[in-house]
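Notes follow the structure.
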Ligand SMILES: [Zn+2]
């Protein structure tokens with residue numbers, strides 16, 4: 006597990022799932038804004054994280070293309086689309102139970 010933020014070295018106290026990249030929430034948002042999230046790749050990227058990153062970037066700049074967003078996330082467009090589809094399918098499944 007990650008013990009400290011890879012960027013600002015803040016201690017990881019809450020095991021927040023944002024730490025999937027080894028970054029605290031503050032640094033993760035900053036790197037998303039700067040377009041440098043790919044510098045902190047996660048080995049276990051969850052589709053929910055991808056969907057959240059996608060939504061953040063989309064809100065920040067609605068004119069951004071999906072390919073640009075995928076590039077910002079350090080993913081191929083195909084991989085990002087697969088993750089988004091997977092996430093939506095899971096949400097539907099969760100809503101039906
Ligand atoms: Zn940090």
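In my numbering, the protein residues as written are 6 to 102.
Using N, Cα and C, we set each Cβ at its ideal position, and we do this for glycine too.
*DSSP puts residue 53 in a beta bridge; with which residues?*
Answer by DSSP bridge pairing: none, since residue 53 is not bridged.
*In angstroms, rounded to a whole number, what distance separates the CA positions of residue 12 and residue 32?*
Cα-Cα distance, rounded: 7 Å.
*Distance, residue 82 Cα to residue 76 Cα*: 8 Å
*Simplified DSSP assignment, three categories, for residue 15*: coil
*Does DSSP put residue 6 in a helix, a strand or coil?*
Residue placement at residue 6 cannot be trusted, given a pLDDT of 47 that sits under 50; what the coordinates show is reported in the next sentence. Coil at residue 6, not helix or strand.
*asked:* Taking 7 Å as the cut-off, is the C-beta of residue 31 nearer than that to any heavy atom in ligand 1?
replied: yes
*Using the Cα positions of residue 99 and residue 26, report the straight-line distance between them to the nearest angstrom.*
25 Å
*Where does residue 40 fall in DSSP's three states?*
coil
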